[in-house]
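Number of protein chains: 4
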Amino acid sequence: MSKIRDFKLEGLVPAVFTPMTTDGAIDYDKIDAYSRYLSDLGVKQVFLNGTTGEGFSLTLDERKKIVETWVRVGKESGRIRDIVVHVGSLNMHDSQELAKHAAVAGVDAIATVPPLFFKPSKLEYIVEYCKKIAEAAPNVPFYYYHIPTMTGVEVNIEDFLVMASKEIPSLVGAKFSSKDLVDFLGCTQLTAPNRSDSKYNLMFGCDEQLMAAMVMGGHGSVGSTPNLMWGTMARVLQLTAQGNFPEARKEQLRCQKTVRIMLKYGPQLGGNVAALKAILALVGMDTGPPRAPMRAPSAEEARAIKADLNAIGFFNWDNQPATNLAS
Amino acid sequence: MSKIRDFKLEGLVPAVFTPMTTDGAIDYDKIDAYSRYLSDLGVKQVFLNGTTGEGFSLTLDERKKIVETWVRVGKESGRIRDIVVHVGSLNMHDSQELAKHAAVAGVDAIATVPPLFFKPSKLEYIVEYCKKIAEAAPNVPFYYYHIPTMTGVEVNIEDFLVMASKEIPSLVGAKFSSKDLVDFLGCTQLTAPNRSDSKYNLMFGCDEQLMAAMVMGGHGSVGSTPNLMWGTMARVLQLTAQGNFPEARKEQLRCQKTVRIMLKYGPQLGGNVAALKAILALVGMDTGPPRAPMRAPSAEEARAIKADLNAIGFFNWDNQPATNLAS
Amino acid sequence: MSKIRDFKLEGLVPAVFTPMTTDGAIDYDKIDAYSRYLSDLGVKQVFLNGTTGEGFSLTLDERKKIVETWVRVGKESGRIRDIVVHVGSLNMHDSQELAKHAAVAGVDAIATVPPLFFKPSKLEYIVEYCKKIAEAAPNVPFYYYHIPTMTGVEVNIEDFLVMASKEIPSLVGAKFSSKDLVDFLGCTQLTAPNRSDSKYNLMFGCDEQLMAAMVMGGHGSVGSTPNLMWGTMARVLQLTAQGNFPEARKEQLRCQKTVRIMLKYGPQLGGNVAALKAILALVGMDTGPPRAPMRAPSAEEARAIKADLNAIGFFNWDNQPATNLAS
Amino acid sequence: MSKIRDFKLEGLVPAVFTPMTTDGAIDYDKIDAYSRYLSDLGVKQVFLNGTTGEGFSLTLDERKKIVETWVRVGKESGRIRDIVVHVGSLNMHDSQELAKHAAVAGVDAIATVPPLFFKPSKLEYIVEYCKKIAEAAPNVPFYYYHIPTMTGVEVNIEDFLVMASKEIPSLVGAKFSSKDLVDFLGCTQLTAPNRSDSKYNLMFGCDEQLMAAMVMGGHGSVGSTPNLMWGTMARVLQLTAQGNFPEARKEQLRCQKTVRIMLKYGPQLGGNVAALKAILALVGMDTGPPRAPMRAPSAEEARAIKADLNAIGFFNWDNQPATNLAS
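Taken in order, these protein sequences are the chains called A, B, C and D.
Positions in the first sequence are counted from 1; adding 53 to them yields the numbering used here.
Positions in the second sequence are counted from 1; adding 53 to them yields the numbering used here.
Positions in the third sequence are counted from 1; adding 53 to them yields the numbering used here.
Positions in the fourth sequence are counted from 1; adding 53 to them yields the numbering used here.
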């Protein structure tokens, strides 16, 4: 169990996209190039099959094969050190199956959202649900994936951690994709007896206010923007840690301006991931179209996105591999 | 296509529960007794694998086998005339697979919820999503399953029907589980050229205000309470149709009092279906416990539910097969 | 107290607009013509200073003078039999002052919304708040004004009536401006001992689903559309009472189409009352512009509203005084 | 206008409570002692008649007399340097009257919430509304008071500032009582031409995540907790400015624990201000009970609040005047 406790995500951990072909199939072959692209930026840890990865739009077989491919081309090549796999789904049995598969495939950690349709009315039911999934891969570090705007499940994560830690030996922390920094501080201030550091590994998921989460005690980001603007996000972390708030705010603002463009185009494309995939292609890493209910931008829409990015100076910001400050 | 157009749900159509064993497995054998129970009440049409049926908590294989079992023991025996199957899931591919299977299995209609995680921001994406599922079973009548409190997808169904009718030849109507009677009237008043009756088959899903939906032009109910109190719900329909509002209200109020008990115990059991299954067992049809994130009531809780039902007179209401007014 | 209990609103009770001049002042003189316009339609009872009357945008002095004017030109002339005054405001003291004034002015009933800023977390605080206002006019029948979409205060009105009836001797009922017909039925089915009729006077406020509320046991409508389309709304009541649902639905649909136009233009004018005042002017009763934060439509917008009304046939519907079916 | 531009709130600015007697009247005499209490802590600027001050539960006359009293006993005595007055109400005319009065009374700035009942659907209507209030006191610095959880008006404040700055010459900033730090950063990064500091004065209102707001560029807090725990909140500011995040988090956590107690008792007392007044009394400054719809705690409830505060160590934290770090 000590090996589980030692696992930790930190700094910038991209939630990776799922490469697809224009006919809607998974483009497994593209993962090799994508893992090299990320490794060149300085990425050491990735999060698979989450919201950014459209995990909820994939079949069980596709999700498994994506895991296997990342383990092979990312991890075994030495490019990516740690792989976290999201195993949340519509029913507990599927998630247990994905958890077991992830363990056998050799991933480093798993994560899950709570039930998506029958939303638990009490915290204990979420804990119980997660426990049964975690037990399917008892030796794999377990994260709760908190993203209430998508799941509709509002739960206090500090309360969850306290209750779940008694039930789930493999619990190590949470991917916290909510803007509620009050709850977040409560989480980071939970400590083990006779320890001053956080008992849990708390990764923030709303890149657009990452610097605020870091001063509240977060360990880093599991998000999508590191894929697109690694240098900017790395400087957010570095400058905040240095207490250089004025400069950190400038970098954080760049992130927000980019997110605003995502929010401008996402709705008309059926979802924000569609806009993010389009931006990623513009910086040189084409992962193809998203899957329904989203769609790729038309040529005209893609030009508009590029023009908007140009207008905020996006392409002039230093986001090249050489600027890797977080590694 | 005319055969599709002729299909119609009407009156009381129970959304059926999924029988389970105490170890959480599906109790396929129990479906025989359950179909006989319903048939004895006068049921002619059923809705499978929806919210009541915990369809969202079942694996694809389980959902398929449930369909096959109902077709065999319910339909082939002549007990149940029509079977509608909910094929909604977390991703379009699984739903297409379920739709194809339902067609081969010989069901009479299918239905689906919209995407549950990536909630479409525009109506056209919901239509497009449904279209691709409907196309997997092009000769099977298709219903949209509208249940915004659970899915988080608020969409105007009148607008949906108008737009979807151009894209989905097999569209016949909607299961409308929302209390918004303004939208519902808009739907029932959509008529075919030179026709005065509704162009779409509109089944209401909130039993506790069924009589209001009927005067607004609904064709009946697809809900859970007909399982529990067939006579009461049948009298709601009959008395409303007769314009006998004072008596209809008394029956409707009985339904509401029962629903209030469901709402009292549902949250502490992890979900309302858990409470409903407990009530169904009390009237003689035991379908076992629900699946996580719900749980069965304890012996003490079950006694409390029974006492509350007793207090409202539930067991004295005429809900026996002989009172079947809707058949 | 028996005199209080005998008071009853029924049928169509227009929530009246507040006439204003183009410079934003109250046009008290216009109330004479307006009361004659309503009386000619067949109106017997009116509701003052509510949402339609922009009561929340008026000063205390203005609200008092409006009451005095209606009592004089409406009631003393014999045109309007009963006047109900909304006395809700931001603080209890102002509402008590308005209640006292209404009593002295000779109105027939008062009504209030709950606290608007410090929204009570428990039902008992709403009851206590209402009690203190009702006590300022103890001999005047008291209504709770339930309009949760505007106030943000979600409360079960059945529970309110049961609790408040023990504290507020002058309580007679509620103006129920919510689409929740489950709660509404619960309210209408509350009866006095050894009585079968409703203990409370329940007036519905969402005209667009009025017929559903009537079969649920409502006594009529306090709303804005009777100002604009008296005949249509009167036929909704009459046809529903007759059990002629197909024809009632046609009239109800006309109401909804008109409301849809209100909802189309309301937001761009700062609020729905702005659109309604514009429509009222088009049918011959000009009550001037609304007050900030709303504005009157531009000439171009007014033409567009008229064109949209024309397109649904609004001006061809029989809404003349002679068609008064509800009087 | 340059004098207006020079006005600035910074550091800890208590939103002050309104002292009341047990019979519900305003205890104007108590303001003298209260202003001395605050001055002894090191307070230089205060915010009157806002949420903490129950401004929304007071009559116009009461609000005016409170302003006059604070100007006299607080400002003219030299104890309090700057007084900001909230003038928001239910209607524009009352707010204009309060703004005029505030100007004559000699306050340093005014603030307003947007319309509370007719919630503007478009930003331009909020701007127009505020403009008309600001124009009633054209030489007094104007703040927008953003508190969407209470008002129900969700508006992007960055967009508001940009639009309003063209219409309202006296606009200087916002009291930002929302946890949305994305919008907050957007606001702080608005700069005047050729300037690097914020163009607007941005005071944060959610004390429980104050340190995060400060790194995002906030200028301080207008909140209630500085009344209760000045030293703690002052250290939050000081330690955050020093980049000493681990120690700052400890102080911030103390604030959160106190807020959790407020949230535990607030609902049963009718509102959070009731709980805060009770805590303030426990630290030696009794401002009496709150006004309806809130109530003071019973003796038993007061003991429970004290016990809970004891359990978190509240009374051992250094919150004495001598610890004044922010003055």
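Ideal placement from N, C-alpha and C gives every residue a C-beta, glycine not left out.
The structure displayed is predicted, hence computed values, not measured ones.
Item, Value
"Starting from the Cα of residue 98 of chain D, find the closest Cα among D:77, D:137, D:83, D:79 and give me that residue.", "D:137"
"Report the residue from A:331, A:192, A:310 whose alpha carbon sits nearest the alpha carbon of residue 370 of chain A.", "A:310"
"Compare the beta carbon distance of residue 21 of chain D and residue 241 of chain D with 8 angstroms and say whether it is the shorter of the two.", "What the structure shows of chain D is the stretch from 54 to 380, and residue 21 of chain D is not part of that stretch, so it cannot be assessed."
"Looking at residue 256 of chain B and residue 284 of chain B, is the spacing between their C-beta atoms short of 8 angstroms?", "no"
"Threshold first: 4 residues or longer. Then list the alpha helix (DSSP H) segments lying entirely within the segment 260-332 of chain D, N to C.", "263-268, 278-281, 283-294, 298-322"
"Give me whichever residues DSSP pairs with residue 91 of chain B in a beta bridge.", "None, per the DSSP bridge assignment."
"Mapping DSSP to helix, strand and coil, what is residue 98 of chain B?", "strand"
"At least one CB of chain C closer than 8 angstroms to the CB of residue 220 of chain B: is that the case?", "no"
"Under 8 angstroms, do residue 258 of chain A and residue 275 of chain A count as touching if we go by C-beta distance?", "yes"
"For residue 27 of chain B versus residue 106 of chain A, is the C-beta spacing smaller than 8 angstroms?", "Because chain B is modelled from 54 through 380, residue 27 of chain B falls outside the range shown and cannot be assessed."
"Compile a chain-ordered list of the residues in the segment 330-352 of chain A whose CB is closer than 9 angstroms to at least one CB of chain D.", "none"
"For the ligand ATP, is there a heavy atom less than 7 angstroms away from the beta-carbon of residue 131 of chain A?", "Among the ligands in the structure shown, none appear at all, so the ligand ATP cannot be discussed."
"Please confirm whether residue 206 of chain B has its beta-carbon closer than 8 angstroms to some beta-carbon of chain C.", "no"
"What do you reckon, are the CB atoms on residue 237 of chain A and residue 217 of chain A nearer than 8 angstroms?", "no"
"For residue 295 of chain D, count the other beta carbons within 10 Å of its own beta carbon; 16 or more makes it buried, fewer makes it exposed. Which is it?", "exposed"
"Output needed for residue 319 of chain D: all residues of its chain with C-beta closer than 6 angstroms, excluding positions within five of it in sequence on either side, in chain order.", "325, 328"
"So, for residue 135 of chain D: in the same chain, excluding its five sequence neighbours on each side, which residues have a beta-carbon less than 6 angstroms away from its beta-carbon?", "98, 161"
"Going along the chain, which unbroken runs of the alpha helix (DSSP H) with 4 or more residues stay wholly within the segment 64-149 of chain D?", "83-94, 113-122"
"Quick check on residue 166 of chain A: buried or exposed, where buried means 16 or more other Cβ atoms within 10 Å of its Cβ?", "buried"
"Applying a beta-carbon distance threshold of less than 9 angstroms, which residues of chain A neighbour residue 295 of chain B?", "Neighbours of residue 295 of chain B on chain A: none; closest Cβ ~38 angstroms, over 9 angstroms."
"Quick one, which residues of the segment 133-161 of chain D are near chain C if we go by CB-CB under 8 angstroms, in chain order?", "142, 143, 144, 145, 146, 147"
"Can you tell me the Cα-Cα spacing of residue 349 of chain D and residue 89 of chain D, whole angstroms?", "24 angstroms"
"From what residue to what residue does the beta strand (DSSP E) around residue 197 of chain B run?", "195-199"
"Where does residue 59 of chain B fall in DSSP's three states?", "helix"
"What is the DSSP secondary structure of residue 232 of chain C, reduced to helix, strand or coil?", "coil"
"Under the rule that 16 or more other beta-carbon atoms within 10 Å means buried, what is residue 214 of chain D, buried or exposed?", "buried"
"Using a cut-off of 9 angstroms between C-beta atoms, extract the partners of residue 72 of chain D located in chain C.", "Near residue 72 of chain D there are no residues of chain C at all, since even the closest Cβ is about 17 angstroms away, more than 9 angstroms."
"Kindly list, in the order they appear in chain A, the residues whose Cβ is closer than 9 angstroms to that of residue 110 of chain B.", "143, 144, 145, 146, 168, 170, 171"
"For residue 265 of chain A, decide whether its Cβ has a neighbour in chain D, counting only Cβ atoms nearer than 8 angstroms.", "yes"
"So residue 349 of chain D is in the beta strand (DSSP E); what residue range does that whole segment cover?", "First-last for residue 349 of chain D: undefined, no H or E at that position."
"Got a sec: is the Cβ-Cβ distance from residue 191 of chain A to anything in chain B below 8 angstroms?", "no"
"Relative to the C-alpha of residue 64 of chain B, which residue among B:95, B:352, B:78, B:340 is closest?", "B:95"
"With C-beta atoms as the reference, is residue 100 of chain C less than 8 angstroms away from residue 68 of chain C?", "yes"
"Out of curiosity, what's the CA-to-CA distance linking residue 260 of chain D and residue 312 of chain D?", "9 angstroms"
"So that I know if they touch, is there some Cβ in chain D lying closer than 8 angstroms to that of residue 317 of chain A?", "no"
"What residues in its chain sit with their C-beta under 8 angstroms from that of residue 362 of chain A, if we drop five residues either side in the sequence?", "311, 314, 332, 335, 368"
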